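First the structure, in the form of structure tokens, and then the observations on it.
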Amino acid sequence: MHLTTFCWNSAAQGFEQKTTEKELGVNDVLIRTTHSGLCFTDVHAKSKGCGLGHEGVGIVQDAGEAVTHLKIGDRVGWGWLNSSCGHCKTCVSGYRQYCSEARGFAFSDLDQGAFSDYRIVNSAFAYLIPESIPSVDAGPLMCAGASVFEALDAAGTRSDHRVGIVGLGGLGHTGVLFAKAIGCDMTVFSSSTQKMNDSFLLGTNEYRTLQDASKRSYQRDGEGVSSVEDPAPMNIDVLLITSNEVPNLEPILPCLARRATIVLMTIQQGNLSIPYMPFILPGHKLIASTEASRENHLRMLEFVARHKIRPWTEEFPMTSEGVSKAFKRLESGEMRYRGVLVRADGT
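Residue numbering for the sequence shown is 1 to 347, as defined by full-length UniProt numbering.
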């Protein structure tokens, strides 16, 4: 089967399409791609020259003889993870994303991506999409949505919790939408006030800048926004770090409740630094969360359908020009809040 995917050509400094050959395995499905979300992980992977895109949506065109839960014509999506050993303790317990042999986008199947005409995927890593979720929304859910849902679940988030979200981008804005649906109050932390109005439109209760997180709070006041100096601590129970880099946590820690849970979702190469005593004495907990388990991926889709959640997206044609424009919007910080590439024949 001929599979064509957009890649970055570093010599030409542009995006081009590459074609590879791949046979359909007994456990695989062949998917005709219609949509793909654009994640900042694609920016990190661009220089590898690999097939780009890992928030794919499309229609099953063929299925291997061992596939029983998907059929031709099904609308499915796939995310970052595409394989694991399947038999270790971690996989058997449901957390295959943490398997030592787990492989995903930009680490395996380098000739394939979601910015493609077709994609062959192991059917265990493809997810049937509920009819009520539009394909343009389903793309961002395959990575951003699944990852945020997993993080909230890992932290044991309840409706009586206040959730703090650091970074209002593709992940962060999805976190606001999900926490709102759970019934949580929310505080968004961002580098400036640029996204404050969007934050309130998304449903957050409070906005703080990272520079003076513990010294100033912006809150909705009727139809306007009020600024409160030296606000009382907001007692954040769950803090999601969704920014491109982990920020200085020192001004954020005073905003946390005792025994709060901090969830690291950021992918970065640098080291993590935390003020020791302000972290230890309140009994805080630090956990990491990346991809979602298969169970939580499916639960997330049901959750989105039930609560009629719609990510904020910008659409681009899946062409060289469209891919280039989408990357420029994302890399410049102008994307609001998830780019979605759409094939001309996408339905």
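No residue lacks a Cβ here, since even glycine has one placed at the ideal position from N, Cα and C. Given the structure is predicted, the values throughout are model-derived calculations rather than measurements.
If the five residues before and after Val163 are omitted, its C-beta is found closer than 6 angstroms to the C-beta atoms of Ala179, Cys184, Met186, Val238, all from its own chain and listed in chain order. Across the set Ser243, Pro254, Cys85, the C-alpha of Ser243 shows the shortest separation from the C-alpha of Cys39. For Pro140, the enclosing alpha helix (DSSP H) has its first and last residue at 135-140. Contact between the stretch 93-104 and the stretch 8-19 is absent: fewer than 3 CB-CB pairs across the two stretches fall below 8 angstroms.
The residue from Phe200, Val246, Pro233, Gln211 with its alpha-carbon nearest to that of Val225 is Phe200. Contact check for Tyr118 and Leu30: beta-carbon distance about 6 angstroms, within the 8 angstroms limit, so the pair qualifies. A straight-line Cα-Cα distance of about 5 angstroms links Gly104 and Asn82. For a cut-off of 8 angstroms, the C-beta gap from Val263 to Ala155 is around 5 angstroms, short enough to register as a contact. According to the DSSP assignment, Val26 belongs to no beta strand (DSSP E), since it is labelled neither H nor E. For the pair Ser159 and Ser10, the Cα-to-Cα distance works out to about 47 angstroms. Cα atoms of Ser47 and Phe107: separation of roughly 13 angstroms, rounded to the nearest angstrom. For Ile280 and Arg208, the gap between their C-alpha atoms comes out near 24 angstroms. Contact check for Gly14 and Ser320: beta-carbon distance about 7 angstroms, within the 8 angstroms limit, so the pair qualifies. Between His69 and the set Gly49, His87, Ala288, Phe125, the nearest pair of CA atoms involves Phe125. Looking at the DSSP output, His44 bridges to nothing.
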